[in-house]
Each structure stands twice: as structure tokens, then as C-alpha cells.
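Numbering follows UniProt numbering, with no gaps: position 12 of the sequence shown is 12. We put the beta carbon where it would ideally sit given N, CA and C, even for glycine. First up is the structure itself, then whatever we jot down about it.
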Amino acid sequence: MTAPTAPTAEFDVQEFVTSARYGDLDGVKEVVDAYMSSTHATSNSATLRTLYTCALPNGTTALHQASANGHVEILNHLLPHLTVGDVNAVNEDGSSALHWAALNGKIDCVTLLIECGADATLQNDQGRSAVTVAEQQGHMDVVNLLLKSFEPEESGDEDETAAVRSSVAAVASEVEAEIAEAEKGQK
């Protein structure tokens with residue numbers, strides 16, 4: 001799912017995304033308030049969701065920027081108004097906010113995104129999941145957290161549990177092979 005562009009010319013998407021990038025919660029709120037005042041829009045969840053999912057022309061959203069830079073307070077402000085689809089929105093490279101948080105080792109952001117439905121199996125245009133991106137950057141704490149997010153809750157369905165465990169084992173083996181290959185290349 002790609003992110004929508006600005007709902008109107010009055011909403012300053014660039015300023016909104018930039019404020020999120022730098023962790024400026026007051027700036028994020030000011031951009032939204034300015035839009036609400038100029039359009040006399042009602043500050044309801046649907047309006048906020050529309051604004052919070054606006055993207056720059058390259059598909060980057062405030063959620064991407066806040067996640068990449070570890071701004072948990074911005075995520076806490078945005079996430080209650082977003083759907084799982086919004087959380088998994090991708091930019092022009094097919095990367096989600098979870099990819100960006102994993103890339104930069106922002107474990108607190110990864111945790112919040114996973115709790116809000118971020119898909120750790122989603123692959124970007126280079127065929128990389130958030131697990132792979134984190135592993136390539138050496139963020140093993142993030143890799144472990146993401147792998148744990150694949151673990152099934154005990155549902156009582158042994159076949160389903162076995163299938164999920166098998167899938168997790170396959171991903172873990174793939175990551176271990178990539179680590180071994182990277183270490184071999186460094187010697």
C-alpha cells in the first residue's frame with residue numbers, strides 16, 4: 001500500500017514530515033492546527049488519519065521519518081489514528097516505516113510498529129524484509145525482536161503452530177546463512 005498525497009494545497013506535507021523527522025512534536029501539531037484553522041475542518045479521527053498518512057512525492061511519510069530517527073513520541077502521537085494498512089504503507093522503494101526503523105536500529109520504534117500491526121515479512125523492492133535490513137546493519141537486537149514477533153501465540157491448533165514455527169525456523173536459517181556469508185567475506 002502506498003501512502004496518499006496531500007488532501008489539499010493548504011496542508012504543508014513537507015513541513016509535517018520534516019517536523020516528524022526531527023522529533024518536533026509541537027511542529028507536527030502546529031502544521032495540523034494551521035490546516036484545521038485555515039479550512040475549518042473538524043479535528044476527528046478520519047481527518048487526522050488523512051493528514052497523518054500524507055506523503056511526499058517519493059512516498060515518505062511522517063511515520064517513516066519518525067521511525068527512522070527513533071522519535072517514539074511522534075509515533076505515539078500518530079499511531080492511534082492509523083490503520084494496519086497505514087502502518088505498512090511503503091515509499092517509492094517499497095520500504096515501510098518498519099524497514100526504516102530496523103535499518104537504523106531503532107528498537108523502541110520497531111517494538112511500537114510491531115504492536116500496531118507492522119508486517120515484519122513485508123519485502124521492499126530489493127526483496128529485503130525488515131529482518132534482513134536489520135541483520136545487514138548489524139542490529140541483532142532488532143533481528144531477534146523481529147524474529148520473536150513471528151512466534152505464534154498458542155492457539156491450540158497444532159498444525160497452524162507447527163507451520164508458523166517452521167516458517168520462523170526457515171527465516172532464522174536464512175538470516176544465519178547471511179550472517180555467516182557476511183563474516184566469511186570480512187575475513
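Out of LEU113, ASP86, GLU30, the CA that lies nearest to the CA of ALA68 is found in LEU113.
When the Cα atoms are used, ASN124 and CYS109 turn out to be separated by approximately 19 angstroms. Judged by DSSP in its simplified three-state form, THR60 adopts coil rather than helix or strand.
Look at ALA41 here: in three-state DSSP terms it is coil, with no helix or strand label. Residue pairing by DSSP places ALA66 opposite no residue, since no beta bridge is assigned to it. Judged by pairs of C-beta atoms under 8 angstroms, the region 50 to 62 touches the region 12 to 28, as three or more such pairs exist. Across the structure, LEU48 and SER96 are spaced so that their CA atoms are roughly 20 angstroms apart.
Secondary structure at ALA55: strand, using DSSP grouped into helix, strand and coil. Distance from the CA of LYS148 to the CA of GLU73, rounded to the nearest whole angstrom, comes to 24 angstroms. One Cα belongs to HIS99, the other to ALA62, and the distance between them is close to 14 angstroms. Beta-bridge pairing by DSSP links VAL31 to no other residue.
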